[in-house]
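Under this note's numbering, the first residue of the sequence shown is numbered 77, with each subsequent residue one higher.
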Amino acid sequence: MPVSGSRLPLMGGRLSVDFVNAAPQIAELSWERLIDFLDSTNIISTERGAQLLVLPQVDPQAAEALLVKAGRLCIALRKVFTAMLRKQRMAGEWIGPINEILRVTEGHDELVGRDNLWRIEFVAREGGLDWLLAAVARSGAEIIAEGAQARLRLCANPHCGLFFYDGSRTHRRRWCSMAVCGNRNKVAAFARKHSSARSTL
Ligand SMILES: [Zn+2]
77 MPVSGSRLPL MGGRLSVDFV NAAPQIAELS WERLIDFLDS TNIISTERGA QLLVLPQVDP
137 QAAEALLVKA GRLCIALRKV FTAMLRKQRM AGEWIGPINE ILRVTEGHDE LVGRDNLWRI
197 EFVAREGGLD WLLAAVARSG AEIIAEGAQA RLRLCANPHC GLFFYDGSRT HRRRWCSMAV
257 CGNRNKVAAF ARKHSSARST L
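Rendered as structure tokens:
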């Protein structure tokens with residue numbers, strides 16, 4: 077069964093920003109949501125997504141271990157991004173979960189030959205499911221390393237709460253999505269203007 081009909085807000089402009097946006101602020105990241113995210117962002121194929129969806133029944137320990145790490149990574153990234161927006165110091169303990177995932181990408185290159193054609197292939201030191209989070213951790217690490225230069229923003233709609241990375245040429249993007257919050261703002265402004273003309277609200 078493919079993971080279909082995803083409603084994840086993938087408008088963050090960077091993988092790690094989308095990852096933070098994918099987890100609701102108050103609730104914990106669910107297994108289904110995590111797999112939906114990995115599938116929607118093409119980190120895994122839809123077939124792999126379908127296999128992973130049933131992992132909690134097949135190998136509950138492996139699924140739980142990954143979910144715990146994903147949740148920790150998500151919370152850490154949210155704290156880091158919030159601190160960056162407020163120009164506050166980052167606590168060392170927020171960086172730990174990010175480094176923990178980056179560590180799985182340790183490995184080495186090896187020449188692998190077939191029919192006298194040689195290719196360089198990466199051989200990971202650790203296999204396992206943690207690899208599924210590697211690209212997210214890498215993306216988060218890159219934003220952190222950009223420091224004050226990072227164009228990380230919070231949507232201008234105060235009820236939205238989604239982060240985005242402003243990759244626009246003018247650097248004046250205000251909304252997570254023009255189609256969602258941008259338009260809503262325009263409609264609200266229009267309604268305000270017209271209702272105040274008619275009533276004293
Ligand atoms: Zn928004």
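Beta carbons: idealized from backbone N, C-alpha and C, even for Gly.
What you are looking at is a predicted structure, and each value in this text was computed from that prediction instead of being measured.
For Leu193 and Gly147, the rounded distance between their alpha carbons = Counted from its first residue, the sequence shown places residue 147 at position 71. Counted from its first residue, the sequence shown places residue 193 at position 117. Spanning the two alpha carbons is a distance of roughly 42 Å.
Segment limits, beta strand (DSSP E) that includes Ala200 | For the purposes of this step, residue 200 is taken as the residue at position 124 of the sequence shown. Note, Ala200: beta strand (DSSP E), 193–200.
Thinking just about the alpha-carbon of each residue, which of Asn233, Ser271, Ala267 is nearest to the one in Ala255?
-> By 1-based counting over the sequence shown, the position of residue 255 is 179. Selected option, being the one with the closest Cα: Asn233.
If you draw a straight line from the alpha carbon of Asn97 to that of Arg214, how long is it in whole angstroms?
-> To locate residue 97, count along the sequence shown from 1; it is residue 21. To locate residue 214, count along the sequence shown from 1; it is residue 138. Their Cα atoms are separated by approximately 17 Å.
Residue of Lys155, Ile111, Leu143 minimising C-alpha distance to Leu128 = Here residue 128 corresponds to residue number 52 of the sequence shown, with the count starting at 1. The candidate whose alpha carbon is nearest that of Leu128 is Ile111.
Can you tell me whether Pro173 is buried or exposed, with buried defined as 16 or more other CB within 10 angstroms of its CB?
-> The residue given as residue 173 occupies position 97 in the sequence shown. Result: buried.
I think Leu91 touches Val263, with their Cβ atoms under 8 Å apart; what is that distance to the nearest whole Å?
-> Here residue 91 refers to the residue found at position 15 when the sequence shown is read from its first residue. Here residue 263 refers to the residue found at position 187 when the sequence shown is read from its first residue. Wrong, their Cβ atoms sit about 31 Å apart, outside the cutoff.
Leu161, buried or exposed, once every other Cβ within 10 Å from all chains shown has been counted against 16 = As a first step, residue 161 must be located in the sequence shown, where it is residue number 85. In the assembly as shown, Leu161 is an exposed residue. Its beta-carbon has fewer than 16 other beta-carbons within 10 Å.
Whole-angstrom distance between Leu208 and His184, CA atom to CA atom | Taking the first residue of the sequence shown as 1, we reach residue 184 at position 108. Taking the first residue of the sequence shown as 1, we reach residue 208 at position 132. As the crow flies, the alpha-carbon of His184 is around 18 Å from that of Leu208.
Collect the residues with a C-beta less than 7 Å away from any heavy atom of ligand 3 and give them in sequence order along the chain.
-> Ligand 3 is absent from the structure shown, which contains only ligand 1.
Gly223 to Asp191 span [Cα, whole Å] = Your numbering for residue 223 matches position 147 in the sequence shown. Your numbering for residue 191 matches position 115 in the sequence shown. Computed Cα separation, rounded: 47 Å.
Counterpart residues of Val188 in DSSP-defined beta bridges | Reading the sequence shown from its first residue, position 112 is the one you call residue 188. Arg195, per the DSSP bridge assignment.
Is DSSP giving Arg229 helix, strand or coil here?
-> As a position in the sequence shown, residue 229 is number 153, starting the count at 1. DSSP places Arg229 within a strand segment (E or B) once states are collapsed to three.
Would you mind working out which of Asp94, Leu84, Gly89 sits nearest Glu108, comparing C-alpha positions?
-> Within the sequence shown, numbered from 1, the residue matching residue 108 stands at position 32. In terms of Cα proximity to Glu108, the closest of Asp94, Leu84, Gly89 is Leu84.
Where does Gly183 fall in DSSP's three states?
-> For the purposes of this step, residue 183 is taken as residue 107 along the sequence shown, with counting starting at 1. Shown here, Gly183 sits in a strand according to DSSP, grouped into three states.
Would Val199 count as contacting chain B if we go by Cβ distances under 7 Å?
-> Of the chains in the structure shown, none is chain B; there is only one protein chain.
State the Cα-Cα distance for the pair Leu105 and Val188, rounded to the nearest angstrom.
-> The count along the sequence shown starts at 1 and reaches residue 105 at position 29. The count along the sequence shown starts at 1 and reaches residue 188 at position 112. Cα to Cα, the separation comes out at about 39 Å.
In its own chain, which residues sit with a C-beta less than 7 Å from the C-beta of Cys236, not counting the 5 before and 5 after it?
-> Taking the sequence shown and counting its residues from 1, one reaches residue 236 at position 160. When the five nearest sequence neighbours on each side are left out, the beta carbons in the same chain lying within less than 7 Å of the beta carbon of Cys236 are those of Cys252, Cys257, in order along the chain.
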